[in-house]
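J.:
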Amino acid sequence: MPEWMQRQFHSKGVDKIIAPYWSTKYQAPNFKPTVMPASSTFYESFGSIAYDQWLVSWCKFLIDQSTHPERNIFLACRRALTISLEMARFLLPYLVQNVLKQPTSYDMVKREIISVLQEDSLDSLNDVVSSHHHQCAQTVFSMLDELNDWVWASQRRKIALSQQAHISKHLDEIFDQEKEVVEEFLKDIPLSLLSSAAFKIKAYARAIQYFESHLRQHGGTKVKMSSSDISKMQQMYGSLEEPDALLGLAIQRRWLHPQPTGSFQELMSLIAEHEHLARWEDALACYEQAIHHIHGSDVEVEIRSLLYSGVIQCMIQLGRLEGALQHVRGIVNQYPEVIPAVYPCALECAWRLSRWDLLAELTTDAMKVKMDNENMMGMKFARAILCFHQDNDQMQVQLKEARLAIIGPLAAASQESYQRVYPLLHQLHFLHELEQGFCVLQSINKAEAWNLQCPWNRRNATMAPALKYQEPILALRRVMIEELQLDRGLLSENWLQYAKMARKEGLLRTAESAVMHAQALGNRNAIIEQAKLMVERGKIYEALHVLEPIPVDISLLKKKLTDNHFHAKTLLLATNYMQQSSQKQGQHVIERYKSVIEFDKNYAKGYFCMAKYYEVLLENDRRENEEGSGDPYAYLPHVLQNYVLSLKGSDKYLFQSLPRLLTLWYEFGEILQSSPKRTYRLEIDQDSDRLMQQISKIILDALHSLPESMWLVCFPQVTSRICHPNATVVEGVKAIMVKVLITYPQRAMWYILGLAQSLNTQRKTRAIEILKVAQKQLSSSNQVEMANVLTEGMRLVEELIKLAEFDPGNQKKMPIRLSRVRAKVLLPIQNMINRRDPDNDVYIKSFSDKADVMLTKEKPKRIQVQGTDGRTYAFLCKREKHGDLRKDARMMEFNALMNKLLQRETDGRKRKLRLRTYAVICLNEESGLMEWVPNTRAMRHLISQIYKTEQGFLQPVRLTTEFKDAFLNMQKQYAHDVPKMTAYYKSKILTHPAFTPRFHQWFLNNFSDPTAWYEARDVFVRSAAVWSMVGHIVGLGDRHGENILIDCTTGECVHVDFDCLFDKGLKLARPEIVPFRLTPNMVDAFGLSGVEGVYRHTSEVTLTLLRANRETLRSVLESFVHDPLVEWGRSKNKQVMNSTAVKPNTNEQVNSEAKTMLKIIDDRLRGVWNLGKKQQHETLPLSVKGQVDRLIAEATSDENLAQMYIGWMPFL
């Protein structure tokens, strides 16, 4: 073996494997060429009976047909095919690519693929044939994915190489010919056929991808779906459990048929819509109407079967199993021909109701009924459950048969994605739990064995939260608990768990049925669930009667009962409903809340609800005492005290309680400081001072009793008030900052170091004082190393400020010299700073000696930091001469809080909603260190990439002078005639070939795996919706294509540069009048439904959450007011800012401007439209749906987009 080859193999670690084969004297015997089956394909001959034989035979035939130079490699691999299917799957796309150049081979490959895809007898196939078909089809799909990937990569490589003059034209021509052949081949396979084949093997994301491409191929740039197209899309999205997309399709169907006709076809479309959205009552009503429609008519058996099986399935979903079973009997007697359709429903009802005789009869007669593969799985499950009841030896046999039937589709699905595999894993989960129950059945002490045999609750936590997956497992457990004769409490808890899940998914009728079962088993917690269900239905008074059938006298309640927590929970729920419905108010409600606490003194929710109610009374008193009469703050200590007590009990309400507590404390201190002392108001002034002392005592108690980790969460809100005008409050703020800094020096210091370098003298002096106190206390407690960390941090910040301020001139790279870090300084990235647990912390080890200079106006520097974990982390060190990086930092704090709220909300958690955040460390008001977001590119560059690839002559990133002149002249010529400007914009600008929306193509090209494509697009749409709503609320502007990044690995939107905040965009020379960016290319990337469906519903979920947490979010935003932004609080003359004496008038003016902005935000959170010119503002609030609708209309309005600044690129 040559030395160069040895080195190559050694570098890959395979030299020892290859060496014996290189030196062996054995030779492979000559092989016979593989012959194509006469008048058929390999799939027709082998695929339906043996997947491996089909794949190997086809690959061997392709090797025989292959051409040089790759032929020698293929021949060398030929012998390995029979012992390695993985090798065959790997080689297949390369073989196909090689042989396509020959016309005869081209036709043969096409016939083979279509033979696999056109398998139309799948429903009648047995398990083995179905399993082989799944694997054959998946192999074909994977091969097509590889070819598509190659075409896209080849095109990108060609563009890159076109810049190099030395490339041979001859090689370029050969390369182009090969690419064109593969492209032509891929276009030759009908997309509609690919979609239907993918749907058959349950590759639903792939089916959607192919079907959308098919519609775009035939519909051009503006696809109009027909009713049948919408029905197919509904079926696909319904199988993927995507309710938001289904809502969008339902809207599009109504656009097609605005006037209902009541026809049979319309009823069937409505049924499909209701079923996919889990509206079982509505679906049942439509089924009954459809049955009435065909009554007395001679209809096909398939239609009758579909309708009657649908009715029974709806009844099962609604929990009416007895009724469903009776319905089956009646249908079978009247229409025997529908037995195959209703048979699976009868099986399901029988095992769920533990009707063992009926189940035995049904499973025995099963061979007489012709069922498809899907229903055969239900039969196998039913037989296994019957074996559990009969306690016979056939259990393992039945389990093995059921598992074997799953393995084939599982093997095919595992080649694609976990999402596609999960339903099959869920079936294996079902069988595993049945097996575990069977083990318990054979135990002597069944109750003990049930708890020891399987971690039931842990398995619940690992399952997908959707009711579709949780409910069958819960139903199986109920059957096993009854059969094992275990404690009835387990059964009632199971029913109650089912009821809660059904209620949260909006299935109120199903939840009611489950609650009735729980009540029948004597579970007293069922009344709480019943009351919540009534409130969901809008019956709040009836809910109160359920909780308290007769009026309760609080004074007579006995506080020492057997289960005080249950009584506290019931009383709290009733009190909340009483207060919400205004049935009782004032002192009566307070007494009830106090009774809740007396029942359970550790009940955090009781304290939290009492604090919220005291705050309602506080606000009421403040409104009534605006003229100064009386004491408007009498309830304030009660509010603060109860917030503290709720935090002592649990951190569940941390993000609602602590920010609000701090805000009220700061607010009262400021009001007390600003109110003039008057001799005739001496008594009131003394009362206020006493109140301040009482409040300070509460805060001091909270400081000592609450864990420092809680204060760390709200630390930015604490640090923002270091310059509070009230001396007492300042002392409290200092005490909090010192305590947190001592406990978490590594994390807290990054919030304080920037203050110590502040341009404001007072802020700087106080921050340095706090750092010195903390250092002294750390040193005295033998934590000298941590004290040194603070010193090292201050030195590092000073050096980074100098680096940010340095002007590199025209250099693209510049040398940097940062001193060696001599202490364990925490790496300032998001994951580290926000983590409470110090384990696995990463510290700064060193800095790179060079920095990349970004070619923008401020010339920020991209620096590399080596972490102690061996990885390299990138940061952007920048200075904003005319901006304020504290905006970015505050925005990240706001987004971090939003993420916490989104995760706690069921709708947000289910949709995986979040705002992508990154660390922003303020070194002072002008300079900062920002965490570099990896794997991201500006959206404008990605759109440009699509155009360059598909139409190389178009470069929309660099607008031509001609186009710029045309756009600017349009705005100038029609400045006073907006309708004409809009008409010109639509007819001349948007019709330009460079601006035809094509962004959807980037997702297709970048995510070759269909499931990855689907998930990336879904993440893009949802993240865009969340950013849109949050951006509108805080007045975020300057959302051009460079400030919206896309994560190329997930599709997620990442917004950067928050300088244009608080409606600053409306004050620009060319006002930014749209609420957020929703340009044609963005809408194009959302899919065929556009803004309808996923985008709209996610926006509604986000806005609902924003409104529900208005007070909490406002508390975070108030830090902008009290830590004034440069543009609000700093005079253009820096000497004014640096002076310690600040004129009262200036502060009052700044505060007024900030408070006006907070009022605008508060109005938006109430639904008031206040964007744009004042004459367009409205005073009455809109509903959530109305506000979202207005925002989308304004953002997509051609009239608004035509007036936007050309650099914003509204046409892109």
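The working numbering puts the first residue of the sequence shown at 251, with every later residue one more than the last.
Note that CB positions come from ideal geometry on N, CA and C, so glycine has one too.
Just so you know, these numbers come straight off a predicted model, no measurement behind them.
(1) Measure the alpha-carbon distance for arginine 787 versus aspartate 951 and round it to whole angstroms.
(2) When you compare each of Gln677, Tyr356 and Lys696 to glutamate 721 by their alpha carbons, which one comes out closest?
(3) Which residue or residues does DSSP assign as beta-bridge partners of glutamate 1181?
(4) Could you give the residue range of the beta strand (DSSP E) that holds aspartate 1313?
(5) Which runs of the alpha helix (DSSP H) fall wholly inside the stretch 1132 to 1156 and span at least 4 residues, in chain order?
(6) Can you grab the Cα-Cα spacing for the pair leucine 375 / serine 489, in whole Å?
(7) Span of the alpha helix (DSSP H) holding threonine 1186?
(8) Tell me where the alpha helix (DSSP H) around methionine 1332 begins and ends.
(9) Below 8 Å on the Cβ atoms is my guess for leucine 312 versus valine 346; work out the distance and round it to an integer in Å.
(10) For a test of the three-state rule: what should DSSP assign to methionine 1104, helix, strand or coil?
(11) Which term fits tyrosine 271, buried or exposed, when burial requires 16 or more other beta carbons within 10 angstroms of its beta carbon?
(12) Please name the residue in Gln769, Ala752, Ala768 and His767 whose C-alpha comes closest to that of alanine 761.
(13) Go through its chain and collect everything with a Cβ distance to glycine 1340's Cβ below 7 Å, but skip five positions before and after it.
(14) Below 8 Å on the Cβ atoms is my guess for aspartate 1259 versus serine 476; work out the distance and round it to an integer in Å.
(15) Would you report the Cα separation of methionine 1044 and glutamate 1212, rounded to the nearest angstrom?
(16) Which residue wins for smallest C-alpha separation from histidine 954, given the options Leu922, Val988, Gln943 and Pro966?
(17) Contact defined as beta carbons within less than 8 Å: I believe proline 1460 pairs with threonine 1329. What is the distance between those atoms, to the nearest angstrom?
(18) Tell me, which residues are paired with glycine 1117 by DSSP?
(19) Residues in the same chain with beta-carbon distance under 8 Å from isoleucine 553, minus the five sequence neighbours each way, listed in chain order, please.
(20) Compare the beta carbon distance of leucine 1009 and leucine 1179 with 7 Å and say whether it is the shorter of the two.
(21) In the DSSP assignment, the beta strand (DSSP E) including aspartate 265 goes from what residue to what residue?
(22) Pull up the distance between the alpha-carbon of glycine 1343 and that of asparagine 1293, whole angstroms please.
(23) What residue range does the beta strand (DSSP E) around aspartate 1297 cover?
(24) Can you pull the DSSP bridge partners for leucine 1076?
(25) Could you check the C-alpha separation between aspartate 548 and glutamine 563 for me, to the nearest Å?
(26) According to DSSP, which residues form a beta bridge with isoleucine 1171?
(27) Can you check whether the CB of proline 887 is closer than 7 Å to the CB of glutamine 944?
(28) Between the beta-carbon of glutamate 1003 and the beta-carbon of valine 1039, is there less than 7 Å?
(29) Looking at the unbroken alpha helix (DSSP H) that takes in proline 1260, where does it start and where does it end?
(30) CB-CB under 6 Å to alanine 1146, same chain, minus the five flanking residues each way: which ones, in chain order?
(31) Taking 7 Å as the cut-off, decide whether the C-beta atoms of glycine 919 and asparagine 852 are in contact.
(32) Report all residues from its chain with a CB closer than 6 Å to the CB of isoleucine 1442; omit the five preceding and five following residues, and keep chain order.
(33) If you run the structure through DSSP and keep just helix, strand and coil, what is cysteine 1303?
(34) Might you give, ordered along the chain, the residues of its own chain that have their beta carbon closer than 7 Å to the beta carbon of alanine 793, omitting 5 neighbours on each side?
(35) What's the call for isoleucine 333, buried or exposed, on a 16-neighbour Cβ count within 10 Å?
(36) Taking just the CA atoms, how far does lysine 789 sit from arginine 1154?
T.: Straight from the coordinates:
(1) 43 Å
(2) Gln677
(3) Phe1125
(4) Here aspartate 1313 belongs to no beta strand (DSSP E), and DSSP marks it neither H nor E.
(5) 1135 to 1154
(6) Summary for leucine 375: the model assigns pLDDT 40, below 50, so the residue's position carries little reliability, and this model does not support an answer.
(7) Premise fails: threonine 1186 lies in the beta strand (DSSP E), 1186 to 1188, not in any alpha helix (DSSP H).
(8) 1330 to 1335
(9) 7 Å
(10) coil
(11) exposed
(12) Ala752
(13) Val1333
(14) Not quite, the Cβ-Cβ distance comes to about 29 Å (not below 8 Å), so this is no contact.
(15) 53 Å
(16) Val988
(17) 6 Å
(18) Ile1094
(19) Ile544
(20) no
(21) Counting along the chain, aspartate 265 falls outside any beta strand (DSSP E), though it belongs to the alpha helix (DSSP H) covering 265 to 273.
(22) 26 Å
(23) 1294 to 1297
(24) Tyr1093
(25) 24 Å
(26) Leu1179
(27) yes
(28) As written in the sequence, residue 1003 is leucine, which differs from the glutamate given in the question. Cβ atoms of leucine 1003 and valine 1039: not closer than 7 Å.
(29) 1260 to 1284
(30) Thr1167
(31) no
(32) Val1341
(33) strand
(34) Ala781, Met784, Val785 and Tyr827
(35) exposed
(36) 26 Å
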